[in-house]
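Structure first, then comments.
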Amino acid sequence: MPLSLAIVVVVLPLVMFLFLGLVGVKMGKKITGAIGVLAMLVDTILAYGVALTYFFGSGEQLVNGVRQAVVVANPAWLSFTDTMVVRMGVLVDPIAAMMLVVITTVSLMVHLYSMGYMCDHDGNAEKGFQRYYAFLALFTFSMLGLVVATNIFQIFVFFEMVGLSSYLLIGFYYSTPAANHANKKAFIVTRLADLFFLLGIMILSYYTKTFDFDALVFGPTMSGSLDTAQSAISTAGGATFLGCSVMGWALTFIFIGGAGKSAMYPLHIWLPDAMEGPTPVSALIHAATMVVAGVFLVARLFPLYVLEQGAMNIILVVGAFTAFYAAAIACTQSDIKRALAFSTISQIAFMMTSLAVSSNNNSLLEIHHGYGLGYMASMFHLFTHAMFKALLFLCAGAIIHAVHSNENDKMHGLHKYMPITSICFLIGCLAIAGIPPFAGFFSKDEILVAAYERGLGWGLWMSMVACMTAFYMFRIYYLIFFWKKHEVHTHHAPKDQPWTMTLPLIILAAISCVAGFVPFHDLVTWDGKALETAVDMKVAGSSVLVALVGIGLATVMYRKENPLPDRLANAMHGLWQASYKRFYMDELYQFITHKVIFQAICVPIAWFDRHIIDGFFNLLADATNSLSFGIRRLQSGSIQAYVYVYLLGALLLAAITMVCVLF
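Each residue of the sequence shown is one higher than the last, beginning at 0 in numbering that gives the first Met the number 0.
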């Protein structure tokens, strides 16, 4: 299959957005959904064809065993100078091809799943069904345009489009105040981060004189190159600001933009509230695609970050802390979607940390392996996590659809009623916990190997987070499907959902079982060269052991109803409450925005504006008005009065003249 079909893969969702948005409202709801699913199926087939051709073909993308990037199209869009040209192109390289598969696969599953989820128990589609499918298509187009970008400015444009489509989908239930609050929160936080992203782009392009990735990271061979990155950095001429290189500032600002989309601390606060959108939206945007945009951005500029270790160390610290912080919160959440949301934050932080453990002074490994292991592990985990986290969210949607609640105390004992959903959820839990042979074991093991090679402390830290991951996931599983008998309050007992909702669960569960066997070390590397890896039995054994410890703790505490969780919560009441309240980050933001910014800063400024500035200009207006009333008689319109004044003026002028002459 020609790689030029990547253009069709990107454009087809845009066509469907326009068609469904303009024509879909004139058609039946089910017909609209069927057209959306069919179009996404075609797009997925084409994406798989492009990816398979790229990875296993022998065309222009493979030169002397090195897998190179291929620019399929790259027309000019905006021209600033002869050399500073913004283009809107399509680039296919290992991570772009991989992301085409991830985005289209999850999007197809969500499109099909939504055919059942967005209907009531009688099969009637919800209000806004056509609008929902149009927004799904817009989001898919935005993400596809982002991952095939040929330059960093194009990524920024599609970053904004992803933010817009996310805003529309989170606020799909716009009549609900919580949904309106959530989409505004997501939009504002990510826009703040994107401001830094734009500043980073401006600094980077000003000093390197280019936006294009071929001049920043690929070079003439169109494969990842430290020489190309070093040349781009050298163009800056060693310029510094506040003791740091301008390139370090630029890359740090760009990371902040990515951190906003990927919900890194402290810009994570929008993601849990974004669960107010339909659950399939959570699976598509906030588990598998949008939240990895920041990881993809750092991976795209990876050679630059490797050479700017100051920026890379910031990513390392933020990623490692966020992974632990989010995992700690997930251990206490009662809302199933919010627990999965914090799990997502933790896993995305895993990927960021994996990218950041790469070091330019790694004496343990040769340069290619030392840089490439963390990169490959991060992309591998991005791929596997997309599948099993989408599976977990869609399982959560099936449960919510059955019991009409997000709280786990309304979901006890569902294994008997929903066996297929229970098995699929268990597979997702085993995958994310890192139990072999499920997908998460292989990708998480590579991350731990990379972390241990950076340093023992980093490896132990990430192993601790892996243990917490296994604990909170099986806590959720036991509370939902076991714990105690489910109380049926209505005449509708919970049950597995229609085939449109069940089939995507089975497909994603199957992928989560086998995705770990994909040879990522041969396919997705930072410089296009195959990476020699072998299973580190010590790390693999320890990772399985810590996962089993986490599962064991969850089993003891939550497999059957018992007082142990309440006793533990009461014994550590302050810590448990802080975790449940997300360590009061929302309250902190509320205090900063409302008490500090609004009341301490904005209110005094508003008072000064109303009373001082407005008062001064009101005083000028009043004085002008009074003066006008005082002299209005001078313009009475009476000829006699004008002659009288003229005569008095003439006599006065004559008198003054005579006095001056005499004296």
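For each residue, glycine too, the CB sits at the ideal point set by N, CA and C.
Is residue j closer than 8 Å to residue i when the C-beta atoms are compared?
{"i": "Tyr132", "j": "Thr31", "result": "yes"}
{"i": "Val49", "j": "Ala68", "result": "no"}
{"i": "Ile313", "j": "Phe349", "result": "no"}
{"i": "Met556", "j": "Pro564", "result": "yes"}
{"i": "Thr468", "j": "Ala432", "result": "yes"}
{"i": "Thr343", "j": "Lys388", "result": "yes"}
{"i": "Cys428", "j": "Gly549", "result": "no"}
{"i": "Val85", "j": "Trp76", "result": "yes"}
{"i": "Ala192", "j": "Leu266", "result": "yes"}
{"i": "Leu168", "j": "Phe128", "result": "no"}
{"i": "Leu163", "j": "Ile154", "result": "no"}
{"i": "Val523", "j": "Pro93", "result": "yes"}
{"i": "Phe424", "j": "Leu447", "result": "no"}
{"i": "Leu215", "j": "Phe301", "result": "no"}
{"i": "Tyr47", "j": "Val100", "result": "yes"}
{"i": "Ser345", "j": "Val464", "result": "yes"}
Please determine, among the options, the residue with the shortest C-alpha to C-alpha distance to residue i.
{"i": "Ser404", "options": "Pro277, Phe516, Pro302", "result": "Pro277"}
{"i": "Trp269", "options": "Gly396, Ala185, Asp521, Phe152", "result": "Ala185"}
{"i": "Phe480", "options": "Ile505, Leu459, Ala397, Ala514", "result": "Ala397"}
{"i": "Ala136", "options": "Gly115, Val595, Met39, Lys208", "result": "Met39"}
{"i": "Ser233", "options": "Gly223, Leu203, Ser174", "result": "Leu203"}
{"i": "Tyr476", "options": "Val448, Asp334, Gly456", "result": "Asp334"}
{"i": "Ala529", "options": "Ser222, Ser462, Phe392, Val316", "result": "Ser222"}
{"i": "Leu4", "options": "Phe196, Ser230, Leu547, Asp42", "result": "Asp42"}
{"i": "Val543", "options": "Phe54, Thr139, Ser462, Trp498", "result": "Ser462"}
{"i": "Ala338", "options": "Asp272, Ile505, Val156, Ser357", "result": "Asp272"}
{"i": "Ser377", "options": "Ala148, Ile422, Leu413, Ser442", "result": "Ser442"}
{"i": "Leu381", "options": "Ser578, Phe519, Glu586", "result": "Phe519"}
{"i": "Glu159", "options": "Val147, Asn150, Leu197", "result": "Leu197"}
{"i": "Leu194", "options": "Gly170, Leu225, Ala258, Gly237", "result": "Ala258"}
{"i": "Gln332", "options": "Gln639, Ser578, Val317", "result": "Ser578"}
{"i": "Ala401", "options": "Gln346, Leu633, Gln496, Ala325", "result": "Gln496"}
{"i": "Met263", "options": "Ala340, Val305, Gly527, Leu283", "result": "Ala340"}
{"i": "Lys126", "options": "Thr103, Val24, Tyr641", "result": "Val24"}
{"i": "Thr104", "options": "Asn624, Leu504, Asp526", "result": "Leu504"}
{"i": "Cys512", "options": "Phe171, Leu626, His384, Gln589", "result": "His384"}
{"i": "Arg558", "options": "Leu647, Ile187, Arg474", "result": "Arg474"}
{"i": "Val9", "options": "Ser141, Arg66, Ser281", "result": "Ser141"}
{"i": "Gly199", "options": "Ala329, Leu296, Glu59", "result": "Leu296"}
{"i": "Arg190", "options": "Leu215, Val161, Gly20", "result": "Val161"}
{"i": "Val545", "options": "Ser106, Ile434, Ser78, Cys118", "result": "Ile434"}
{"i": "Met114", "options": "Val660, Gln308, Ile591, Leu393", "result": "Leu393"}
Closer than 7 Å: is that where the CB of residue i sits relative to any heavy atom of the ligand PLP?
{"i": "Ala228", "result": "With respect to the ligand PLP, the structure offers nothing, as it holds no ligand at all."}
Can you tell me whether residue i is buried or exposed? The criterion is at least 16 other CB atoms within 10 Å of its CB, across all chains shown.
{"i": "Leu650", "result": "exposed"}
{"i": "Asn407", "result": "buried"}
{"i": "Gly373", "result": "buried"}
{"i": "Glu365", "result": "Bear in mind that a pLDDT of 46 at Glu365, under 50, signals an unreliable position, so the model cannot answer this."}
{"i": "Leu363", "result": "Residue placement at Leu363 is poorly supported in this model, since its pLDDT is 37, which falls under 50; the coordinates still yield a value, given next. Leu363 should be labelled exposed."}
{"i": "His593", "result": "exposed"}
{"i": "Gly242", "result": "exposed"}
{"i": "His488", "result": "Only weak support exists for where His488 lies, its pLDDT of 48 falling under 50; the coordinates are left without a value."}
{"i": "Met417", "result": "buried"}
{"i": "Phe597", "result": "exposed"}
{"i": "Arg631", "result": "exposed"}
{"i": "His110", "result": "buried"}
{"i": "Asn360", "result": "Unreliable positioning characterises Asn360 in this predicted model, as indicated by a pLDDT of 47, which lies under 50. The coordinate reading is nonetheless provided below. That one is exposed."}
{"i": "Phe157", "result": "buried"}
{"i": "Val694", "result": "Outside the displayed span of the chain (0 to 662) sits residue 694, for which this structure offers no information."}
{"i": "Glu531", "result": "exposed"}
{"i": "Ala653", "result": "exposed"}
{"i": "Met500", "result": "buried"}
{"i": "Gln589", "result": "exposed"}
What are the partner residues of residue i, as DSSP defines its beta bridges?
{"i": "Asp211", "result": "Asn150"}
{"i": "Arg66", "result": "Leu61"}
{"i": "Val9", "result": "Val9 pairs with nothing; no bridge assigned."}
{"i": "Lys260", "result": "In DSSP, Lys260 forms no bridge with anything."}
{"i": "Phe240", "result": "Cys243"}
{"i": "Ser78", "result": "Val84"}
{"i": "Val91", "result": "Val69"}
{"i": "Ala124", "result": "Cys118"}
{"i": "Glu406", "result": "Asp334"}
{"i": "Lys559", "result": "Trp482"}
Segments of 4+ residues assigned as alpha helix (DSSP H) that fall wholly inside the segment 417-468: For the alpha helix (DSSP H) assignment, the uninterrupted runs of no fewer than 4 residues enclosed by the segment 417-468 are, from N- to C-terminal side, 418-432, 438-453.
Runs of alpha helix (DSSP H) lying entirely within the segment 127-204, each at least 4 residues, in chain order: Within the segment 127-204, the complete alpha helix (DSSP H) runs of at least 4 residues are 128-146, 151-169.
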